[in-house]
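Novice: The structure that follows is given in the form of structure tokens.
Residue numbers (the working numbering): 2 to 139.
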């Protein structure tokens with residue numbers, strides 16, 4: 002009986018040892034990084050995502066430029082209205098109209114939209130706003 006117990010114990014020890022070395026061999030054979038096919042697939046995805054980021058960045062920059070031009074045109078319209086009102090100062094009390102046009106950082110010229118700067122020679126108009134809205138369609 003003692004021989005049977007010793008035999009079973011030795012068999013178990015050898016089985017555990019063999020399993021441990023087999024796992025170590027399979028772990029050593031496993032690749033350290035992605036396969037070539039995985040690398041190529043990931044490279045393609047990265048390229049696609051980089052194009053999407055570039056497109057979105059251009060869109061956001063265009064939206065910011067549009068907003069800057071719209072803000073400058075709105076400021077011009079407000080100032081132009083008061084300059085025109087002050088032209089009839091005999092009827093209306095005179096008001097201060099500020100120090101002139103604000104800087105649009107060349108945003109309007111990037112869209113080829115001429116600004117109507119405040120002037121006593123021309124009445125305010127909506128031409129700049131019409132040009133801005135025409136960028137979105139006919």
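Don't be surprised by glycine CBs; every beta carbon is placed ideally from N, CA and C.
Note that the structure is predicted; figures quoted are calculated from it, not measured.
#1: Hey, is the stretch 40 to 49 in contact with the stretch 76 to 85, meaning 3+ C-beta pairs nearer than 8 Å?
#2: If you draw a straight line from the alpha carbon of residue 14 to that of residue 6, how long is it in whole angstroms?
#3: Can you find the residues in the same chain that come closer than 7 Å, C-beta to C-beta, to residue 136, ignoring five residues on each side of it along the sequence?
#4: Is DSSP giving residue 135 helix, strand or coil here?
#5: In the DSSP assignment, find the alpha helix (DSSP H) that holds residue 120 and state where it starts and stops.
#6: Restricting to Cα atoms, I'd like to know which of 73, 110, 86 is closest to residue 101.
#7: Using three-state DSSP, classify residue 15 as helix, strand or coil.
#8: Specify the secondary structure class of residue 105 as computed by DSSP and reduced to three states.
#9: With a cut-off of 8 Å, do at least 3 Cβ pairs link the stretch 59 to 73 to the stretch 112 to 122?
#10: Rounded to whole angstroms, how far is the Cβ of residue 66 from the Cβ of residue 108, which I believe are closer than 8 Å?
#11: Measuring straight from C-alpha to C-alpha, what distance separates residue 145 and residue 60?
Specialist: Taking the coordinates as given:
#1: No: fewer than three Cβ pairs fall under 8 Å.
#2: 12 Å
#3: Non-local beta-carbon contacts of residue 136 in its own chain, meaning distances under 7 Å to residues more than five positions away in sequence, involve 112 in chain order.
#4: helix
#5: Run containing residue 120: none; DSSP gives neither H nor E here.
#6: 73
#7: DSSP places residue 15 within a helical segment (H, G or I) once states are collapsed to three.
#8: coil
#9: yes
#10: 4 Å
#11: This structure does not reach residue 145, given that the chain is present from 2 up to 139, and the question cannot be answered.
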